[in-house]
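Protein chains: 2
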Amino acid sequence: MHDHAGTHAEAGCHGHHRPEEALARAEAVCRARDLQFTRLRRDVLEVVASQARPLGAYDIAERLSGPGKRVAAVSVYRALDFLTENGLVHRIASRNAFVSCGHTHTDGAGLVFLICRNCGSIDETTSPEIEDQLGRTLAKAGFKPSSRILEVEGECGACLGRPAED
Amino acid sequence: MHDHAGTHAEAGCHGHHRPEEALARAEAVCRARDLQFTRLRRDVLEVVASQARPLGAYDIAERLSGPGKRVAAVSVYRALDFLTENGLVHRIASRNAFVSCGHTHTDGAGLVFLICRNCGSIDETTSPEIEDQLGRTLAKAGFKPSSRILEVEGECGACLGRPAED
DNA sequence: TTGCGCGCTGATACACTGTAACATCATGCG
DNA sequence: CGCATGATGTTACAGTGTATCAGCGCGCAA
Chain A
0 MHDHAGTHAE
10 AGCHGHHRPE
20 EALARAEAVC
30 RARDLQFTRL
40 RRDVLEVVAS
50 QARPLGAYDI
60 AERLSGPGKR
70 VAAVSVYRAL
80 DFLTENGLVH
90 RIASRNAFVS
100 CGHTHTDGAG
110 LVFLICRNCG
120 SIDETTSPEI
130 EDQLGRTLAK
140 AGFKPSSRIL
150 EVEGECGACL
160 GRPAED
Chain B
0 MHDHAGTHAE
10 AGCHGHHRPE
20 EALARAEAVC
30 RARDLQFTRL
40 RRDVLEVVAS
50 QARPLGAYDI
60 AERLSGPGKR
70 VAAVSVYRAL
80 DFLTENGLVH
90 RIASRNAFVS
100 CGHTHTDGAG
110 LVFLICRNCG
120 SIDETTSPEI
130 EDQLGRTLAK
140 AGFKPSSRIL
150 EVEGECGACL
160 GRPAED
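Chains as they are written, first to last, in numbering that gives the first Met the number 0: chain A, 0 to 165; chain B, 0 to 165.
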């Protein structure tokens, strides 16, 4: 069994995020699906991907705005809709916020979000075993799933190792 | 007005909701913990427990209001805070809504919410296996959990059996 | 009994999250 | 060019949740 994909960065709360990587993947996806990877969508993704913590839509709008340039929240929402539909960002329901997707899987891989209540960072992992068990549980209940969310709040390894450093 | 009680909800997805049961359990819990099970809290729980579908705070406020009696949403929120803290209702993050807890477990039993996108009902189940696997996954990630949510959206067995009944 | 503390509720205001509706702009295409 | 389509800008608004302060009820101590 292989220890899951490349989250080497999981060591730290500020697990370094690579906007370039996310952007490159987004470009590839959009090209493959013949979708427009517009400036706004790129900017939104870049902002989200540059943070280890989830950002609210209004946060993003604020970061994209500046003197003389104002980005309305509604535009951000539209971009986020596009990005989530294409698996490039995820919505964290328990926070009403968004993070960039660290993997390539679009869906159905037992995705788990680990939200640190101390440093606020989000780590993303997967567990085929959980997915498997969940599938069995749902089948037993006669339930046909179409989407699922699994979010865990607690303390990340880094914060446990050196509490309250920030 | 809203569709009160009967229209669909109970029709097929889940027949049995026992406000009395939830109320009795709430009384027991409050007595055991020396907490006040006030009128408002009781009313809120009763409304929530009477529905198979999750209710928003404003829905609850509306149902509790009537000619000459107005219950503000903020009061409902406070009651809901109390009820959730004591494991009597659960918040459904993906819906911004609340359902009464059907079990006695307060937390940590692999709780899974099954939300039917057709009839809107919520079913609650548990899976020790999922809980177990999740614990292992979290341990491997060096993450110490304090709370978790697992919500699945899809179609419930009843709706699969006879789709689009109403 | 009164006075006080404390928790619950009422009420207003406000912040945050998300959507509807419509105008505008760019692009591609016959 | 004229038109269709999709993305964005803009305003307004609905839905969700919180802050704050005031009043109320109830137990408890003096």
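Virtual Cβ for every residue (Gly too), placed ideally from N, Cα, C. Here the structure is a predicted model, which means the values were calculated and not measured.
ask   = What residues of chain B sit near Ala142 of chain A, judged by a beta carbon separation below 9 Å?
value = Reading the first sequence from its first residue, position 143 is the one you call residue 142 of chain A. For the record, residue 142 of chain A in the displayed sequence is Phe; it is not Ala. What Phe142 of chain A touches in chain B, judged by beta-carbon distance under 9 Å, is Leu113, Cys115, Asp122, Thr124, Val151, Gly153, Glu154, Cys155, Gly156 and Leu159, going in chain order.
ask   = Start and end of the alpha helix (DSSP H) containing Asp33 of chain B?
value = For the purposes of this step, residue 33 of chain B is identified with residue 34 of the second sequence, where counting begins at 1. Counting along the chain, Asp33 of chain B falls outside any alpha helix (DSSP H), and DSSP gives it neither H nor E.
ask   = Going by beta carbon distance, what residues of the same chain come within less than 7 Å of Ile59 of chain A, once the five residues before and after it are set aside?
value = As a working mapping, residue 59 of chain A is identified with position 60 in the first sequence. Cβ neighbours of Ile59 of chain A beyond the five flanking positions: Val43, Val46, Val47 and Val75.
ask   = Going by DSSP, what residues sit across from Ile121 of chain A in a beta bridge?
value = If you number the first sequence from 1, residue 121 of chain A lands on position 122. For Ile121 of chain A, the pairing in a beta bridge is given by DSSP as A:Ile114.
key: Given 8 Å, three or more beta-carbon pairs between the stretch 80-88 of chain A and the stretch 21-35 of chain A   = yes
message = Can you tell me where the beta strand (DSSP E) holding Val151 of chain A begins and where it ends?
response = Taking the first residue of the first sequence as position 1, residue 151 of chain A is located at position 152. Element bounds for Val151 of chain A: Lys143 to Glu154.
ask   = Between Glu152 of chain B and the rest of its own chain, which residues show a CB-CB distance below 6 Å, the 5 nearest in sequence each way excluded?
value = Position 153 of the second sequence, counted from the start, is the residue given in the question as residue 152 of chain B. The residues Ile114 and Arg116, in chain order, have a CB closer than 6 Å to that of Glu152 of chain B in the same chain once the five nearest residues on each side in sequence are set aside.
ask   = Helix, strand or coil for Val98 of chain B per DSSP?
value = The residue you call residue 98 of chain B lines up with position 99 of the second sequence. Residue state, collapsed to three classes: strand.
Sequence-distant residues of its chain with Cβ nearer than 6 Å to Leu63 of chain A (five each side left out) = The residue labelled residue 63 of chain A in the question sits at position 64 within the first sequence. Hits under 6 Å: Asp42 and Val70.
query = Does DSSP put Arg90 of chain A in a helix, a strand or coil?
reply = What you label residue 90 of chain A is simply residue 91 of the first sequence in a count that begins at 1. Here Arg90 of chain A sits in strand by DSSP.
Proximal residues of chain A, C-beta to C-beta of Ser145 of chain B below 9 Å = In the second sequence, residue 145 of chain B corresponds to position 146, counting from 1. Correct list: Arg116, Val151, Glu152, Gly153 and Glu154.
query = In three-state DSSP terms, what is Gly55 of chain A?
reply = For this step, residue 55 of chain A is matched to residue 56 along the first sequence. It is coil, neither helix nor strand.
message = So for Gly134 of chain A, helix, strand or coil by DSSP?
response = Along the first sequence, read from residue 1 onward, the residue named residue 134 of chain A stands at position 135. Looking at Gly134 of chain A - three-state DSSP - the assignment turns out to be helix.
query = Considering only the beta carbon of each residue, do Pro127 of chain A and Ile91 of chain A sit closer than 8 Å?
reply = Numbered from its first residue, the first sequence carries residue 127 of chain A at position 128. Numbered from its first residue, the first sequence carries residue 91 of chain A at position 92. No, these two residues do not count as a Cβ contact at 8 Å.
task = On the DSSP bridge assignment, give the partners of Lys139 of chain B in chain order.
result = Numbered from its first residue, the second sequence carries residue 139 of chain B at position 140. In DSSP, Lys139 of chain B forms no bridge with anything.
inquiry  = Please return the same chain residues whose Cβ sits closer than 6 Å to the Cβ of Thr105 of chain A, not counting the five positions on each side in sequence.
reply    = Locating residue 105 of chain A in the first sequence gives position 106, where the first residue counts as 1. Its pLDDT being 49, under 50, Thr105 of chain A is placed unreliably by the model, and the measurement read from it follows with that caveat. Result list for Thr105 of chain A: Gly86, in chain order.
inquiry  = Strictly under 8 Å for the Cβ-Cβ distance: is Thr136 of chain B near chain A by that measure?
reply    = Indexing the second sequence from 1 puts residue 136 of chain B at position 137. Interface residue, yes.
request  = For His89 of chain B, collect the residues of the same chain with a Cβ closer than 6 Å to its Cβ; drop the 5 residues on either side in sequence, then sort them by chain order.
outcome  = Working through the second sequence from its first residue, we reach residue 89 of chain B at position 90. Hits under 6 Å: Val98 and Cys100.
query = Nearest chain B C-beta to Ser93 of chain A closer than 8 Å, yes or no?
reply = In the first sequence, the residue the question calls residue 93 of chain A occupies position 94. Proximity of Ser93 of chain A to chain B, defined by a Cβ-Cβ separation below 8 Å, is satisfied.
Rounded distance between the beta-carbons of Thr124 of chain A and Thr136 of chain B, thought under 8 Å = Mapped onto the second sequence, residue 136 of chain B falls at position 137. Mapped onto the first sequence, residue 124 of chain A falls at position 125. Going by Cβ atoms, the distance from Thr136 of chain B to Thr124 of chain A rounds to 7 Å, so yes, they are a contact pair.
For Gly65 of chain A, the residue or residues it bridges with in DSSP = Residue 65 of chain A sits at position 66 when you count from the first residue of the first sequence. DSSP output for Gly65 of chain A lists A:Lys68 as bridge partner(s).
message = Using a Cβ-Cβ distance cut-off of 8 Å, determine whether Thr105 of chain A contacts chain B.
response = Within the first sequence, residue 105 of chain A is the residue found at index 106, counting from 1. Because Thr105 of chain A sits at a pLDDT of 49, beneath the cut-off of 50, its placement in the model cannot be relied upon, and the following sentence gives the value as read from the coordinates. No - not a single Cβ of chain B is within 8 Å of the one on Thr105 of chain A.
inquiry  = Considering Cα atoms alone, identify which of A:Leu149, A:Ser145 and A:Ala96 is closest to Gly134 of chain B.
reply    = On the second sequence, position 135 is the one that residue 134 of chain B refers to. Here the closest residue by C-alpha is A:Leu149.
task = Closer than 9 Å, Cβ to Cβ, to anything on chain B: give me those residues from the stretch 15-41 of chain A, in chain order.
result = none
key: Gly160 of chain A (DSSP reduced to helix, strand or coil)   = Position 161 of the first sequence, counted from the first residue, corresponds to residue 160 of chain A. Of the three classes helix, strand and coil, the one that applies to Gly160 of chain A here is helix, per DSSP.
ask   = Which word fits Arg38 of chain A, buried or exposed, when buried means at least 16 other C-beta atoms lie within 10 angstroms of its C-beta?
value = Taking the first residue of the first sequence as 1, we reach residue 38 of chain A at position 39. Result: exposed.
query = Under 8 Å between C-beta atoms, does Ile129 of chain A make it to chain B?
reply = If you number the first sequence from 1, residue 129 of chain A lands on position 130. Taking Cβ atoms only, chain B reaches closer than 8 Å to Ile129 of chain A, which makes this a yes.
task = Throw me the rounded Cβ distance for the Lys143 of chain A and Glu154 of chain B pair, which I believe falls under 8 Å.
result = Position 144 of the first sequence, counting from 1, holds the residue named residue 143 of chain A. Position 155 of the second sequence, counting from 1, holds the residue named residue 154 of chain B. With a Cβ gap of about 5 Å, Lys143 of chain A and Glu154 of chain B count as contacting.
request  = Please confirm if Leu79 of chain B has its CB atom under 8 Å from at least one CB of chain A.
outcome  = Taking the first residue of the second sequence as 1, we reach residue 79 of chain B at position 80. Contact of Leu79 of chain B with chain A is not assigned, every C-beta pair being separated by 8 Å or more.
task = Output, in chain order, the set of chain A residues within a Cβ distance shorter than 7 Å of Gln132 of chain B.
result = The residue you call residue 132 of chain B lines up with position 133 of the second sequence. Chain A residues near Gln132 of chain B: Ser126, Glu128, Ile129 and Gln132.
inquiry  = Do Ala72 of chain B and Ala56 of chain B have their beta-carbon atoms positioned less than 8 Å apart in this structure?
reply    = For this step, residue 56 of chain B is matched to residue 57 along the second sequence. For this step, residue 72 of chain B is matched to residue 73 along the second sequence. In this structure, the beta-carbon distance from Ala56 of chain B to Ala72 of chain B falls below 8 Å.
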